[in-house]
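2 protein chains.
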Amino acid sequence: MKQANTYTPPTLTVDNVIFCLIDNVLNVLLIRRTTEPFQGDWALPGGYNAAGETTTEAMQRILQTKAGVKSDNLQLVEQLYTFDTVARDPRGHAVSVTYMGLGRSVQPAATRSTQSPTFFPVSHLPSLAYDHADIIAYAHSRLQSKITYTNAIFALLPQRFTLSQLQSAYEAVFCRELDKRNFRKKFLSLDLIQETDEMHREGAHRPARLYTFKSQSLQALTRTFD
Amino acid sequence: MKQANTYTPPTLTVDNVIFCLIDNVLNVLLIRRTTEPFQGDWALPGGYNAAGETTTEAMQRILQTKAGVKSDNLQLVEQLYTFDTVARDPRGHAVSVTYMGLGRSVQPAATRSTQSPTFFPVSHLPSLAYDHADIIAYAHSRLQSKITYTNAIFALLPQRFTLSQLQSAYEAVFCRELDKRNFRKKFLSLDLIQETDEMHREGAHRPARLYTFKSQSLQALTRTFD
DNA sequence: ACAAAAGTGTTAAGAATACACCCATGT
DNA sequence: ACATGGGTGTATTCTTAACACTTTTGT
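Residue numbers (our numbering), protein chains in the order written: chain P, 165 to 390; chain L, 165 to 390.
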């Protein structure tokens, strides 16, 4: 553990993948880079992590500053992976700790420091700076696993939601369709949600029962979903 | 992304959790610290990661230097998690990227630089430096998941093994017993292993058929195990 | 002959899949 | 009355779980 006095650590950065459902489509938050490298390209909201600041603190600060997103708008945050190939930043070796954040209706607020924060459907991303396309792919795949063995989907849904919304959230993340009757039977049997006595009325059709999650904290499922 | 010229990154370290089965017991590799802090305590083999070196390279260098373990003795290596609480190192903020390595029969070779590399049963660990007990607990839990949805167990077993050895490897990682007939039926149905025409003879009892894994690379299972 | 681990099958309960029609509402 | 999404059940197949005895070997 002796540290030569020549020791120089790499730059440490934090990059954030913020997911959110918009019109039943899975979206990810991007900003437009205002400086080189990759000036003008879209990128994940990320930034430097200085000594004395935890990566979680850096994540919150960066989201607020660059995207105008408050971290209490994220229902679930999870560290993903640390990307560290030497060539990923043309300016020099930068190690990036990545986080995934899930929100219901994240409203990026434009401020003086924000950089055009915009949600893009995961299936139609623009070309991205650095290795951010890889990071998003990794996050998406982690999210798919996460909703199969935990109740993580709660973080993408409003407090009260219909079974159709729930199914459609699963379909948006999985990128495939599910059978309505089997979905309902299985999900109800997992004992994660409760009926409310409210109904959702919208459009010229039968109103839908609203449900809530019994717990808004991450819990493992007794059986894996899907 | 403007970087104030006052930017100082935290120290970056890599810590490694090396698992190995010894007499059907899950063991983890520790070294004895020779310097402060935590001098004399047991710790994971870890060390500094300088700019220009990937964390994987740092892992290999550190394992070789501090524990005399060559990385080709590890059948599977996976990044785990990045631990970054400011207080985890009393000398100052150090962010640690952690790796899990699985080996068959890792023989730590003592060299001038090694620090008493020793395997300890996961269920009987000595008191540990830093937050290394947390890191091992995290790694163990990840390993348990990993063997339920992938063929990762291959990395802990010799090339040829008996079904009893295989079952006992699962039991060692899960810390619980499995039913012999159900285990064999299920595992054989996963189509991961092949009979060889060799038998393992040992002791005063019926010889056991030896099997091999069809693939020595990580693969997802069609159904989750257990 | 005995001790020790290897090997083997059946039954019952639970879970997954496939699949089509009626219901309640707004216009 | 019609268009729209909400809501519901059954039969079949597959998977899991519980459970005990015979086989082959070395001493």
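Think of the CB as a built atom: it goes at the ideal place given N, C-alpha and C, for glycine as much as any other residue.
Handout entry: As assigned by DSSP and simplified to three states, the class of Gln239 (chain P)
Key = If you number the first sequence from 1, residue 239 (chain P) lands on position 75. Of the three classes helix, strand and coil, the one that applies to Gln239 (chain P) here is strand, per DSSP.
Exercise for the section: Determine the DSSP secondary structure at Val465 (chain P), reduced to helix, strand or coil. Expected result: Past the edges of chain P, shown from 165 to 390, lies residue 465 (chain P), and the structure says nothing about it.
Exercise for the section: Would you tell me roughly how many angstroms separate the C-alpha atoms of Leu240 (chain P) and Gly265 (chain P), rounded to the nearest one? Expected result: One-based indexing of the first sequence puts residue 240 (chain P) at position 76. One-based indexing of the first sequence puts residue 265 (chain P) at position 101. Cα to Cα, the separation comes out at about 6 Å.
Practice task
Using three-state DSSP, classify Leu330 (chain L) as helix, strand or coil.
Solution key: Working through the second sequence from its first residue, we reach residue 330 (chain L) at position 166. Note: Leu330 (chain L) maps to helix in three-state DSSP.
Problem - Best match in P:Gly211, P:Ala316 and P:Ser381 for proximity to Val178 (chain P) [C-alpha to C-alpha] - result: Counting from one through the first sequence, the residue named residue 178 (chain P) turns up at place 14. Shortest Cα-Cα distance from Val178 (chain P) to any of P:Gly211, P:Ala316 and P:Ser381 involves P:Gly211.
Handout entry: Under 9 Å from the C-beta of Gly216 (chain P): neighbouring residues of chain L
Key = As a position in the first sequence, residue 216 (chain P) is number 52, starting the count at 1. Within chain L, the residues near Gly216 (chain P) are Thr172, Pro174, Val250, Gly256 and His257.
Problem - Which of helix, strand or coil DSSP assigns to Asp361 (chain P) - result: Along the first sequence, read from residue 1 onward, the residue named residue 361 (chain P) stands at position 197. Strand at Asp361 (chain P).
Practice task
Could you work out which residues of chain P lie near Thr421 (chain L), taking near to mean beta carbons separated by less than 8 Å?
Solution key: Here chain L has residues from 165 to 390 only, and residue 421 (chain L) is not among them.
Exercise for the section: Along the beta strand (DSSP E) that carries Arg373 (chain L), what are the first and last residues, could you check? Expected result: Taking the first residue of the second sequence as 1, we reach residue 373 (chain L) at position 209. If you look at Arg373 (chain L), you'll find it in the beta strand (DSSP E) that goes Ala372 to Phe377.
Problem - Backbone CA spacing between Ser309 (chain P) and Val337 (chain P) [nearest angstrom] - result: On the first sequence, position 145 is the one that residue 309 (chain P) refers to. On the first sequence, position 173 is the one that residue 337 (chain P) refers to. C-alpha of Ser309 (chain P) to C-alpha of Val337 (chain P): approximately 10 Å in a straight line.
Exercise for the section: Identify, in the order they occur along the chain, each residue of the same chain with its Cβ nearer than 7 Å to the Cβ of His364 (chain P), setting aside the five sequence neighbours on each side. Expected result: As a first step, residue 364 (chain P) is located in the first sequence; it is residue number 200 there, counting from the start. Leaving aside the five residues that flank His364 (chain P) on each side, the residues in its chain whose CB is nearer than 7 Å to its CB run, in chain order, Thr326, Pro371, Ala372 and Leu374.
Handout entry: Outcome for Asn204 (chain L) when other beta-carbon atoms lying within 10 angstroms are tallied against a minimum of 16
Key = The residue you call residue 204 (chain L) lines up with position 40 of the second sequence. Here residue 204 (chain L) is Gly; the residue named in the question, Asn, does not match the sequence. Residue environment: Gly204 (chain L) is assigned as exposed (fewer than 16 neighbouring CB atoms within 10 Å of its CB, all protein chains considered).
Practice task
Would you identify the three-state DSSP class for Val270 (chain L), choosing helix, strand or coil?
Solution key: Taking the first residue of the second sequence as 1, we reach residue 270 (chain L) at position 106. The answer is coil: DSSP assigns Val270 (chain L) none of H, G, I, E or B.
Practice task
Would you decide whether Pro322 (chain L) is buried or exposed? Buried here means 16 or more other CB atoms lie within 10 Å of its CB.
Solution key: By one-based count along the second sequence, residue 322 (chain L) stands at place 158. Here Pro322 (chain L) is exposed: its Cβ has fewer than 16 other Cβ atoms, across all protein chains shown, within 10 Å.
Practice task
Compute the minimum distance between the beta carbon of Gln271 (chain L) and the heavy atoms of the ligand NAD, and state whether it is under 7 Å.
Solution key: What this structure holds is no ligand at all, so the ligand NAD is not there to describe.
Exercise for the section: State buried or exposed for Thr175 (chain P), treating a residue as buried only when at least 16 other CB atoms are found within 10 Å of its CB. Expected result: Translated into positions along the first sequence, residue 175 (chain P) becomes position 11. Sixteen is the threshold: when 16 or more other Cβ atoms of the shown chains lie within 10 Å of the Cβ of Thr175 (chain P), as they do, the residue is buried.
Handout entry: Buried or exposed by the 16-neighbour rule on C-beta atoms within 10 Å, applied to Lys166 (chain L)
Key = Taking the second sequence and counting its residues from 1, the one referred to as residue 166 (chain L) is at position 2. Interpretation of Lys166 (chain L) is limited by its pLDDT of 48, a score under 50 that renders its predicted location unreliable; no figure is taken from the coordinates.
Exercise for the section: Excluding the 5 residues preceding and the 5 following Pro290 (chain P) in the sequence, name in chain order all residues of the same chain whose CB lies nearer than 6 Å to its CB. Expected result: Taking the first residue of the first sequence as 1, we reach residue 290 (chain P) at position 126. Beyond the five residues adjoining it in sequence on each side, Pro290 (chain P) comes within less than 6 Å, by CB distance, of Trp206 in the same chain, given in chain order.
Handout entry: 8 Å Cβ cutoff met for Thr172 (chain P) and Ala214 (chain L)
Key = Start at 1 with the first residue of the first sequence, and residue 172 (chain P) comes out as number 8. Start at 1 with the first residue of the second sequence, and residue 214 (chain L) comes out as number 50. Taking 8 Å as the Cβ cut-off, Thr172 (chain P) and Ala214 (chain L) qualify as a contacting pair.
Problem - Partners in chain P for Tyr245 (chain L), counting only beta-carbon separations shorter than 7 Å - result: Translated into positions along the second sequence, residue 245 (chain L) becomes position 81. Result: Gln243.
Practice task
Quick one: list the residues of chain P neighbouring Val261 (chain L), beta-carbon separation under 8 Å, in chain order.
Solution key: Translated into positions along the second sequence, residue 261 (chain L) becomes position 97. The contacting residues are Thr246, Asp248 and Val259.
Handout entry: Residue closest to Thr386 (chain L), alpha-carbon to alpha-carbon, out of L:Leu354, L:Gln279 and L:Gly232
Key = Here the question's residue 386 (chain L) lines up with position 222 in the second sequence. When each option's Cα is compared against that of Thr386 (chain L), the closest is L:Leu354.
Exercise for the section: Inspect the beta-carbon positions of Gln279 (chain P) and Lys230 (chain P) and report whether they are closer than 8 Å. Expected result: By 1-based counting over the first sequence, the position of residue 279 (chain P) is 115. By 1-based counting over the first sequence, the position of residue 230 (chain P) is 66. In contact: Gln279 (chain P) and Lys230 (chain P) (Cβ atoms closer than 8 Å).
Exercise for the section: Please report how far the alpha carbon of Asn188 (chain L) lies from the alpha carbon of Ser269 (chain L), in whole angstroms. Expected result: Here residue 188 (chain L) refers to the residue found at position 24 of the second sequence. Here residue 269 (chain L) refers to the residue found at position 105 of the second sequence. In this model, Asn188 (chain L) and Ser269 (chain L) are separated by some 12 Å (Cα to Cα).
Problem - Secondary structure, alpha helix (DSSP H): runs of 4+ residues fully inside the region 282-337 of chain P - result: With a minimum length of 4 residues, the continuous alpha helix (DSSP H) runs that stay inside the region 282-337 of chain P are 296-313.
Exercise for the section: Determine the burial state of Leu352 (chain L): buried for a count of at least 16 other Cβ atoms within 10 Å of its Cβ, exposed for fewer. Expected result: Mapped onto the second sequence, residue 352 (chain L) falls at position 188. Flag for Leu352 (chain L) reads exposed.
Exercise for the section: Could you tell me which residues DSSP pairs with Ile186 (chain L) in its beta bridges? Expected result: Position 22 of the second sequence, counted from the first residue, corresponds to residue 186 (chain L). Ile186 (chain L) is bridged by DSSP to L:Val189.
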